[in-house]
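A short write-up of the structure that comes next.
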Amino acid sequence: MDADTLGYGFAAGIEDYPWFFGCDSEFSILGLNAVGRYDLSKSMLRLLAKASERTNGTGQIIHEMSTNGAVFNPGNLNETPQFVTACYDTYRWSGDKVFFDEMYPQMIQSMQWLEDQDADGNGIPDGYGMMEIHGMNGEMIDVAAYTVQAWGALYESALLQGDDKVAAWAGRSAAELSAYINENYWVEGAGAYADVRGSKAQVLELIDGAIERAEGLNKPWAVEELETTRKAAAVSAGEMNPYSVHHNWIVNTPMEVGFAPEEYALKALDKAAQYTNPFGMFVTGIDRDESAGTDTDGFAKRKKTFTYVGAVMTLPTGVAAVAENNYGRPDKALDYLHRMSRSWGYAHPGSMYEVSPDFGMMCQAWNIYSFGYPIVRQFFGIYPMAEKKIVEIDPHFPTSWTRPQLKGVVIGEGEDITELDISFVKGENGNKNQLQILQTANEPWSIMTPVQDHARIYVDNALIQGEDLLDGMKKITGHSILIEW
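The opening residue of the sequence shown carries number 23 in my numbering; numbering runs sequentially from there.
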């Protein structure tokens, strides 16, 4: 859709949200890039940049805008770092240097603005993130995690631009912030990261609201847990402390981004799995009840008016899948995809609802993130640098996938383009594993992939050695690559 004079973009959801959202778009773009829709990614990012400049002029990225250009919400905090990440990601997949050069100053300005929102200088901006719940405007875990991710994206971008000053700033900020989060947001007693870190007054108000919510939903287990948390908060020392209050899905973002230590990550992911039903992850864990593990009834029939209370949604479920893959558990990631897939065509043919299985928007843009990212980028392990005509392929398939295939993966644009077909055959009954990579570029791109010591590599039917790289990787160039081991 065209938006006033700002450009062309895609809507967040149908039927109630046929206009533009910052965070919805930024999640979606990470999935769209994986399926080759760089045209949509670039046009949407340009639209967000123009609308944000017109509305804010500070680097802050807007949250919500109508198709007539009217901005309803100038931005929650998470939109801004996610914009930076999406710009860098779009360049890696498309190879469009003109777009990258255009966005780079905006990326720097956005991170400068984000730094200015940090009241106490600890690297974490203060304010609302993805969870639009009253009182959740302290130092939110999702804002913190996506800021780490954005610093990493800006660091890589600065290296590509030859900007040593920005690279040093961004690299240092990413390292310091990730370490700070792991030290100050982990709640050992909960086996999870805190959803918020705040002052005693902030947290007590938030806990009181959560208790009221849990009582209204008749969740005695949640009330009991929250009362215990409240007692601890009431006698806590220190100006700022972390608390696991709502068990919101955002506590999984350190694993989604991938900077959580494995010890924390595996505990947190196991804890997160407690807040699921057959369709996926609850938005707010304290909404879960004892029937959630087996409840396959629809959501809509229980609701007289629209609400996200008690909702299971595709985005939190996709985030959990991405997080599981990051820590070497593709079988658990696939389980989350299977849960989401149960709502395919459940109430709207050919689509999935925003709230699983049958509530909210009957078509939701960010669903492409929840499937495109874990399948293309993680199971098949595709990570390109299109401008350099290099693609890293490092698959990590679920154990049940014995013959997976992915065809028509488009990387690059215009004349600088290749299309990949990737297939894997799991060796059974004495047969060898086989990974085959086919590509269409007139001059084949270089493929970087891990190769076992005893493996045989064939390029265009000829046995070769490949160029040795670090960590068991090899660089292989050819239209047809077959690796057997």
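Note that CB positions come from ideal geometry on N, CA and C, so glycine has one too. It should be emphasised that the depicted structure is a prediction, and the values quoted were computed from it without experimental measurement.
Check whether residue i and residue j have beta carbons under 8 Å apart
{"i": "His-269", "j": "Thr-306", "result": "yes"}
{"i": "Asn-263", "j": "Arg-235", "result": "no"}
{"i": "Asn-55", "j": "Asp-111", "result": "yes"}
{"i": "Met-495", "j": "Pro-466", "result": "no"}
{"i": "Ile-163", "j": "Ala-197", "result": "no"}
{"i": "Gln-82", "j": "Thr-102", "result": "yes"}
{"i": "Glu-284", "j": "Ala-345", "result": "no"}
{"i": "Val-245", "j": "Ile-233", "result": "yes"}
{"i": "Met-66", "j": "Gly-31", "result": "yes"}
{"i": "Val-273", "j": "Ala-201", "result": "no"}
{"i": "Ile-433", "j": "Thr-440", "result": "yes"}
{"i": "Ala-192", "j": "Tyr-177", "result": "yes"}
{"i": "Phe-49", "j": "Tyr-480", "result": "no"}
{"i": "Asp-309", "j": "Leu-239", "result": "yes"}
{"i": "Met-383", "j": "Tyr-168", "result": "no"}
{"i": "Trp-12", "j": "Thr-77", "result": "This structure gives no information on residue 12, because the portion of the chain shown stretches from 23 to 507."}
{"i": "Ser-74", "j": "Tyr-126", "result": "no"}
{"i": "Gly-394", "j": "Val-106", "result": "no"}
{"i": "Phe-446", "j": "Leu-460", "result": "no"}
{"i": "Thr-251", "j": "Tyr-265", "result": "yes"}
Residue i in three-state terms, based on DSSP
{"i": "Asn-159", "result": "coil"}
{"i": "Asn-240", "result": "coil"}
{"i": "Phe-304", "result": "strand"}
{"i": "Pro-472", "result": "strand"}
{"i": "Tyr-375", "result": "coil"}
{"i": "Arg-310", "result": "coil"}
{"i": "Asp-438", "result": "strand"}
{"i": "Trp-507", "result": "coil"}
{"i": "Ile-233", "result": "helix"}
{"i": "Ala-509", "result": "This structure does not reach residue 509, given that the chain is present from 23 up to 507, and the question cannot be answered."}
{"i": "Thr-499", "result": "strand"}
{"i": "Gln-456", "result": "strand"}
{"i": "Arg-351", "result": "coil"}
{"i": "Glu-247", "result": "helix"}
{"i": "Ile-130", "result": "helix"}
{"i": "Leu-492", "result": "helix"}
{"i": "Phe-121", "result": "helix"}
{"i": "Asp-357", "result": "helix"}
{"i": "Asp-138", "result": "helix"}
{"i": "Met-335", "result": "strand"}
{"i": "Lys-448", "result": "coil"}
{"i": "Gly-340", "result": "helix"}
{"i": "Tyr-150", "result": "coil"}
{"i": "Ala-223", "result": "helix"}
{"i": "Tyr-215", "result": "strand"}
{"i": "Arg-478", "result": "strand"}
Whole-Å CB distance - residue i paired with residue j, under 8 Å assumed
{"i": "Asn-347", "j": "His-418", "result": "7 Å"}
{"i": "Thr-339", "j": "Gly-302", "result": "3 Å"}
{"i": "Gln-386", "j": "Gly-53", "result": "Their Cβ separation, rounded to whole angstroms, is 11 Å, which puts Gln-386 and Gly-53 out of contact at 8 Å."}
{"i": "Ser-363", "j": "Tyr-375", "result": "Not quite, the Cβ-Cβ distance comes to about 13 Å (not below 8 Å), so this is no contact."}
{"i": "Lys-119", "j": "Glu-409", "result": "6 Å"}
{"i": "Ala-342", "j": "Leu-359", "result": "10 Å between Cβ atoms; not a contact."}
{"i": "Gln-131", "j": "Leu-99", "result": "Not a contact, Cβ separation roughly 15 Å."}
{"i": "Ile-469", "j": "Ile-415", "result": "6 Å"}
{"i": "Tyr-286", "j": "Asn-159", "result": "Contact doesn't hold; Cβ gap of about 25 Å is too wide."}
{"i": "Leu-291", "j": "Tyr-207", "result": "Rounded, the Cβ-Cβ distance is 15 Å, inconsistent with contact."}
{"i": "Leu-428", "j": "Ile-444", "result": "5 Å"}
{"i": "Glu-435", "j": "Tyr-60", "result": "6 Å"}
{"i": "Val-7", "j": "Val-334", "result": "Residue numbering for the chain in the displayed model covers 23 to 507; residue 7 lies beyond these limits and cannot be assessed."}
Counted within 10 angstroms of its Cβ, other Cβ atoms place residue i as buried (16 or more) or exposed
{"i": "Arg-399", "result": "buried"}
{"i": "Thr-421", "result": "exposed"}
{"i": "Pro-242", "result": "exposed"}
{"i": "Phe-281", "result": "buried"}
{"i": "Gln-474", "result": "exposed"}
{"i": "Leu-337", "result": "buried"}
{"i": "Ala-172", "result": "buried"}
{"i": "Ala-92", "result": "exposed"}
{"i": "Gly-488", "result": "buried"}
{"i": "Ala-256", "result": "exposed"}
{"i": "Ala-33", "result": "buried"}
{"i": "Ser-47", "result": "buried"}
{"i": "Arg-194", "result": "exposed"}
{"i": "His-85", "result": "buried"}
Within-8 Å CB hit, residue i to chain B
{"i": "Ala-196", "result": "The structure shown contains no chain B; it holds only a single protein chain."}
**Message:** Quick check for students: name the residue ranges of the beta strand (DSSP E) that lie wholly in the region 29-111, counting only runs of 3 or more.
**Reply:** 93-95
**Request:** Ignoring anything shorter than 4 residues or poking outside the region 250-301, list the alpha helix (DSSP H) runs there in chain order.
**Result:** 275-279 and 284-294
**Message:** At 3 residues or longer, what runs of the beta strand (DSSP E) sit wholly inside the region 372-415?
**Reply:** 404-407 and 412-415
**Request:** Quick one: which unbroken alpha helix (DSSP H) runs of 4-plus residues sit fully inside the region 156-211? Chain order, please.
**Result:** 163-183 and 186-206
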